[in-house]
Amino acid sequence: MAYSSPPHVRVIQAALPALRAAGGHIVLMGSHAGDRPFEGGLAYCATKAALRSVAEVLLMEERPNGVRTTLLNPGAIRNFDDDFSENKMSVESVASVVSWVVSAPADTVLGEVELRPARLGVPPAVGLERLQHV
1 MAYSSPPHVR VIQAALPALR AAGGHIVLMG SHAGDRPFEG GLAYCATKAA
51 LRSVAEVLLM EERPNGVRTT LLNPGAIRNF DDDFSENKMS VESVASVVSW
101 VVSAPADTVL GEVELRPARL GVPPAVGLER LQHV
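If you're matching positions, the sequence shown starts at 1 in our numbering and goes up one per residue.
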């Protein structure tokens, strides 16, 4: 059986020539779930853990080519229109951090950035809610 790269890896591979030519920056959206698994999150947690390896390999392989790679690991985000939780970050706040990451001085690279909500509620015992409390 032939191995086929996941779609996000194929997109990155297709973009690499242009990223190398421009001295570009790859920002991958990870998650705390990549190293803090939770019950009921098998596929999500495994995917985010694998993405950490993708980011690290890209960082090692492409930095000599002038391409920077950053893995951004946010905690709980208000990413649904009906989510008004004050214990989650806004999408706009996460976007602001992405902008900050890519505007870092050209002689630096932020290999991995962890974001956490500034406010926390009562910690739940299990599952996705526990992960969102980190």
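We put the CB at the ideal spot given by N, CA and C, even for glycine.
Continuous beta strand (DSSP E) stretch holding residue i: start and end
| i | result |
| --- | --- |
| residue 74 | 68-74 |
Residue i, DSSP secondary structure in three states
| i | result |
| --- | --- |
| residue 9 | helix |
| residue 129 | helix |
| residue 115 | strand |
| residue 47 | helix |
| residue 19 | helix |
| residue 121 | coil |
Residues that DSSP places opposite residue i in a beta bridge
| i | result |
| --- | --- |
| residue 58 | Its beta-bridge partners do not exist; DSSP assigns none. |
| residue 78 | 90 |
| residue 27 | 70 |
Below-8 angstroms beta-carbon distance, residue i vs any chain D residue
| i | result |
| --- | --- |
| residue 53 | The chain inventory of the structure shown lacks chain D, comprising one protein chain alone. |
Expected contact under 8 angstroms - CB spacing of residue i and residue j to nearest Å
| i | j | result |
| --- | --- | --- |
| residue 28 | residue 71 | 5 angstroms |
| residue 73 | residue 34 | 6 angstroms |
| residue 86 | residue 119 | 6 angstroms |
| residue 89 | residue 76 | 7 angstroms |
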